[in-house]
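See below for the structure under consideration.
As structure tokens, this is what we get:
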């Protein structure tokens with residue numbers, strides 16, 4: 304009898320705890336939705352932290368949203384464009400300070416981010432780029448090449464050794480352990496399955512990889528040449544010399560303007576903003592600024608109510624997964640999910656056209 308009393312008491316305690324946590328969750332959601340807009344003070348600097356990836360559109364899972372209320376405002380191409388357009392028009396924002404380290408993003412997305420930063424610079428406001436003890440690679444420096452000034456701490460990493468693509472092949476291993484892959488393949492350039500069928504890359508696979516890598520290299524070299532004033536041949540020679548991970552090399556060749564810690568960058572910012580040494584720099588984070596309406600930032604909004612709906616799809620194309628996972632299905636493209644978004648767009652009378660943005664390996 305004592306056991307059952309203890310068991311029931313434990314169950315009641317667990318249930319009560321669950322109810323309390325559920326109530327607390329909804330209170331947090333309600334309070335966050337009613338938060339006042341962030342204040343943008345005069346003479347402010349917009350700070351943007353870039354690390355890892357820059358997806359086209361940030362779609363956090365429910366778990367991410369619960370633990371990080373700003374997860375939906377992670378730097379993506381969509382909100383980067385919106386925030387930079389606002390910063391360019393907002394008289395309260397005097398410049399942008401990007402803090403970046405190693406990026407691992409496709410060149411298609413990087414080129415789009417580059418365009419948004421370049422458009423912002425047409426406003427005449429300053430753009431600073433700095434990194435931390437992790438340092439920069441070619442992807443992050445490609446964006447930094449647009450900056451008025453690029454800063455890096457001494458003795459950190461600076462990757463400037465060109466581009467490479469590697470493939471692993473498993474055909475011999477599968478043969479040794481008696482596994483014969485059954486693969487349906489159409490087209491010589493459909494090379495994703497080659498590692499399971501061959502011991503080296505086919506001419507078609509090598510051809511397309513060289514084309515992709517060559518285009519990325521040309522884009523990168525042109526950006527460096529524009530920044531440093533060096534010729535394309537000079538930059539190409541630098542890139543194809545011995546592998547360079549030395550920051551001193553970057554500083555000596557005009558890729559990095561100053562070897563400086565974050566505190567040093569802040570002092571330079573104070574000078575740029577006309578502040579005294581003991582004054583505080585007014586900054587607003589990317590996530591906070593994303594909450595500021597474009598209309599209050601001075602952006603000219605279209606007078607027409609007609610809209611173009613953009614549907615972002617990202618991930619592998621999969622069969623319908625059934626019920627929505629509590630962890631989110633943002634990493635997949637399914638027919639039902641795309642259909643749901645299409646239906647929502649079609650139901651809105653102001654939507655006059657639909658663009659579907661696809662980022663998928665297939």
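In the numbering used here, the protein residues as written are 304 to 665.
Just so you know, even glycine gets a beta-carbon here, dropped at the ideal spot from N, CA and C.
Consult DSSP for residue i and reduce its assignment to one of helix, strand or coil.
i           : result
residue 670 : One cannot answer for residue 670 here, as it falls past the ends of the chain, which runs 304 to 665.
residue 499 : helix
residue 426 : coil
residue 564 : coil
residue 653 : coil
residue 470 : coil
residue 592 : helix
residue 418 : helix
residue 617 : strand
residue 640 : helix
residue 600 : helix
residue 662 : strand
residue 648 : helix
residue 361 : coil
residue 488 : coil
residue 579 : coil
residue 333 : With a pLDDT of only 49 at residue 333, under the threshold of 50, the placement of this residue in the model should not be trusted, and no figure is reported.
Just curious, the alpha helix (DSSP H) that residue i is in, first and last residue?
i           : result
residue 386 : 380-392
residue 666 : No answer is possible for residue 666: it lies beyond the span of the chain, which begins at 304 and ends at 665.
residue 675 : Past the boundaries of the shown model lies residue 675; the chain is included only from 304 to 665, so the question cannot be answered.
residue 553 : 550-555
So residue i packs on residue j, CB below 8 Å; how close in whole Å?
i           : j           : result
residue 611 : residue 660 : About 12 Å; that fails the 8 Å criterion.
residue 636 : residue 616 : 5 Å
residue 565 : residue 433 : 7 Å
residue 500 : residue 474 : 6 Å
residue 677 : residue 607 : Only positions 304 to 665 of the chain appear in the structure, and residue 677 is not among them; the question remains open.
residue 550 : residue 562 : 7 Å
residue 593 : residue 604 : In fact, because the Cβ distance is near 17 Å, the residues do not count as touching under 8 Å.
residue 595 : residue 401 : Going by Cβ atoms, the distance from residue 595 to residue 401 rounds to 18 Å, so no, they are not a contact pair.
Got a sec? Which residues, its chain only, sit under 7 Å from residue i by beta carbon, not counting five neighbours each side?
i           : result
residue 523 : 441, 445
residue 588 : 350
residue 346 : 397, 576, 585
residue 609 : 653, 655
residue 671 : Limits of the chain in this structure are 304 at one end and 665 at the other, which puts residue 671 out of reach.
residue 492 : 507, 511
residue 650 : none
residue 392 : 600, 601, 602
If you drop the 5 nearest sequence neighbours on each side, which residues of the same chain put their C-beta closer than 8 Å to that of residue i?
i           : result
residue 387 : 399, 419, 420, 422, 423
residue 463 : 441, 444, 541, 542, 547, 548, 552, 553, 558
residue 413 : 357, 406, 442, 445, 446
residue 288 : Residue 288 is absent from the structure shown; the chain starts at 304 and stops at 665.
Could you check where the beta strand (DSSP E) with residue i kicks off and where it finishes?
i           : result
residue 454 : 452-455
residue 355 : 347-355
residue 588 : 586-588
residue 406 : 396-406
residue 444 : Careful: residue 444 lies outside any beta strand (DSSP E), inside the alpha helix (DSSP H) at 441-447.
Does the distance from the C-beta atom of residue i to that of residue j stay below 8 Å?
i           : j           : result
residue 439 : residue 461 : yes
residue 404 : residue 451 : no
residue 530 : residue 448 : yes
residue 431 : residue 535 : no
residue 471 : residue 516 : no
residue 381 : residue 411 : no
residue 600 : residue 663 : no
residue 514 : residue 504 : no
residue 377 : residue 390 : no
Considering only residues of the same chain and omitting the five flanking positions on each side of residue i, which have a CB-CB separation below 6 Å?
i           : result
residue 667 : Residue 667 lies beyond the stretch modelled for the chain, which goes from 304 to 665, so this question has no answer here.
residue 384 : 419
residue 453 : 432, 447, 559, 560
residue 332 : With a pLDDT of 48 at residue 332, under the threshold of 50, the modelled position of that residue is not reliable, and no figure is offered here.
residue 572 : 584
residue 426 : 391
residue 486 : 496
residue 354 : 404
residue 415 : 380
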